[in-house]
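According to numbering that gives the first Met the number 0, the stretch in the sequence shown is residues 0 to 189, in order. Ideal placement from N, C-alpha and C gives every residue a C-beta, glycine not left out. Read the structure below first, then the notes.
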Amino acid sequence: MKYYILFGPPGAGKGTQATAMVEKYNLHHISTGALLRKEIAAGTELGALAKDLIEKGNFVPDEVVVGMIENEFRTVTGVDGFLLDGFPRTIAQAQALDSMLAKSGEGVTATVSIMIPDAMVMERIKGRALKEGRADDASEDVINNRIATYHAQTEPLIEYYKTAGKYHEAEGVGTIEEIRERIFTIMDKF
Ligand code: AP5
Ligand code: MG
Numbered sequence: 000m001k002y003y004i005l006f007g008p009p010g011a012g013k014g015t016q017a018t019a020m021v022e023k024y025n026l027h028h029i030s031t032g033a034l035l036r037k038e039i040a041a042g043t044e045l046g047a048l049a050k051d052l053i054e055k056g057n058f059v060p061d062e063v064v065v066g067m068i069e070n071e072f073r074t075v076t077g078v079d080g081f082l083l084d085g086f087p088r089t090i091a092q093a094q095a096l097d098s099m100l101a102k103s104g105e106g107v108t109a110t111v112s113i114m115i116p117d118a119m120v121m122e123r124i125k126g127r128a129l130k131e132g133r134a135d136d137a138s139e140d141v142i143n144n145r146i147a148t149y150h151a152q153t154e155p156l157i158e159y160y161k162t163a164g165k166y167h168e169a170e171g172v173g174t175i176e177e178i179r180e181r182i183f184t185i186m187d188k189f
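Here it is in structure tokens:
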């Protein structure tokens, strides 16, 4: 199995690019954010826990998302691999992923990173707020908190995967099609 990490700041275009990536490489897309929003919409206990945290732009606990990922790995079949979108987001999550995969003698295939400047994060998320109505897109303060949390907790993963020789970056400024081609150029190597 291939295990790709789709990395990047909030609003970089991970969800946008994921559709073409899963289709071309026969992958199962796992967006932890989308799974959590589904739990919120279904009114589950997990959803109730996640709601307040997400709406303030804070992370849900590591063990919650790690459990969600384990569950997807266990239950999804018929694909050549997984595309992890929005996971891992902390060093602890990356270590949990490594040990999860090591149990079956596997490991992360590659991290594909979409990189855009903070000003563009704000612009893209504000644009999406008009179309999708996500609660965590509605306020500038929450978006700024997500950006700050990304820099503090998620950005260190760049070094983590560089050290492992698994970090590949696609410039995220450009049209959706241009960025898709940059991503495919990276993924074609694996
Ligand atoms: P999550 O849903 O993962 O949100 P995010 O990381 O903040 O990322 P987004 O979904 O906001 O952005 P995206 O990169 O997918 O961009 P998109 O393609 O939509 O997580 C939400 C929350 O859940 C977190 O804040 C946290 O609380 C919690 N959570 C999730 N995972 C967690 C974890 N592992 N641990 C702990 N907590 C977790 O694009 C954005 C907009 O830009 C769209 O409108 C799109 O149309 C537009 N766009 C895309 N590409 C382009 C382009 N090239 N040019 C112009 N516009 C573009
Ligand atoms: Mg997304």
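Note to self: Any heavy atom of the ligand AP5 inside 6 angstroms of the beta-carbon of Val64?
What the structure shows: yes
Next item on the list: Helix, strand or coil for Thr43, going by three-state DSSP, please let me know.
Entry: coil
Notebook entry, point to check: Would Ala47 be called buried (16 or more neighbouring beta carbons within 10 Å of its own) or exposed?
Noted result: exposed
Notebook entry, point to check: Residue ranges of each beta strand (DSSP E) run of no fewer than 3 residues wholly in the segment 94–134, ordered along the chain?
Noted result: 109–114
Margin query: If I follow the unbroken beta strand (DSSP E) through Asp187, where does it start and stop?
Written below: No beta strand (DSSP E) holds Asp187; DSSP gives it neither H nor E.
Notebook entry, point to check: Contact check, Ile115 vs Ala11 under 8 angstroms by CB: the rounded distance?
Noted result: 5 angstroms
Notebook entry, point to check: Are Ala17 and Asp84 close, meaning C-beta to C-beta below 7 angstroms?
Noted result: yes
Check: Asn90 and Asp117: beta carbons closer than 7 angstroms?
Finding: Correcting the residue type first, residue 90 is Ile in the shown sequence and not Asn. No, Cβ-Cβ distance for Ile90 and Asp117 is not below 7 angstroms.
Check: Taking DSSP as the reference, what is the three-state secondary structure of Ala169?
Finding: strand
Checklist line | For review: beta carbons within less than 7 angstroms of any heavy atom in the ligand MG | finding: Lys13, Gly14, Ser30, Gly32, Ala33, Asp84 and Gly85
Note to self: Suppose the cutoff is 6 angstroms on Cβ atoms and the five residues either side in sequence are ignored; what does the same chain contact list for Leu96 look like?
What the structure shows: Pro87
Margin query: Suppose the cutoff is 6 angstroms on Cβ atoms and the five residues either side in sequence are ignored; what does the same chain contact list for Pro8 look like?
Written below: Val120 and Tyr149
Next item on the list: Write down the C-beta distance between Ile4 and Thr110 rounded to the nearest angstrom, noting that I regard them as a contact closer than 8 angstroms.
Entry: 4 angstroms
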